[in-house]
Amino acid sequence: MKQINNQSELLEAINGVGLVFVLKHSITCPISQAAYGEYEKFSNEHPEQNCYFLTVQDARSVSEYIAEHYHIKHESPQVIIFNNGDVNWHASHWKITNSALNSVLKENA
2 MKQINNQSEL LEAINGVGLV FVLKHSITCP ISQAAYGEYE KFSNEHPEQN CYFLTVQDAR
62 SVSEYIAEHY HIKHESPQVI IFNNGDVNWH ASHWKITNSA LNSVLKENA
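Residues 2 to 110 (the working numbering) make up the sequence shown, in order.
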């Protein structure tokens, strides 16, 4: 997993070809900690996938940019999957599971 710290890193990551997974993570939320664990497990099982994360406390402007530009209500934790630069899928809180991420990957293979 690679960390996104600013908007240019986000745009560089998501404007590539194929699927890009982005987790918006809060370091103060226990639900976010659980989601991070699920996301990390998925990332470790699929090292070929483009998996990124941002910490909302450190990259709030990036989180706000995603919400405004892609018209997705800000939540944390939240996973957004981009496909060729467009939002393909998103989920938040307890819906972020290794199983759910694997299902999306399989559907888009």
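C-beta atoms are modelled at their ideal positions from N, C-alpha and C, and glycine is treated no differently.
- If you look at Ser100, you'll find it isn't in any beta strand (DSSP E); it sits in the alpha helix (DSSP H) that goes 99-108.
- Under the DSSP assignment, Asn45 falls in the alpha helix (DSSP H) whose first and last residues are 31-46.
- Shown here, His72 sits in coil according to DSSP, grouped into three states, outside any helix or strand.
- For Ala92, the enclosing beta strand (DSSP E) starts and ends at 87-93.
- When beta bridges are read from the DSSP output, Ile81 appears opposite Val23, His91.
- At the C-beta level, Val21 and Ile5 stay beyond 8 Å of one another.
- Annotation for Gln79: Lys25, Ser93 place their beta carbon closer than 6 Å to its own, counting only its chain and skipping 5 residues before and after.
- Under the three-state reduction of DSSP, Gln58 is assigned to coil, being neither helix nor strand.
- In the structure shown, the three-state DSSP call for Gln4 is strand.
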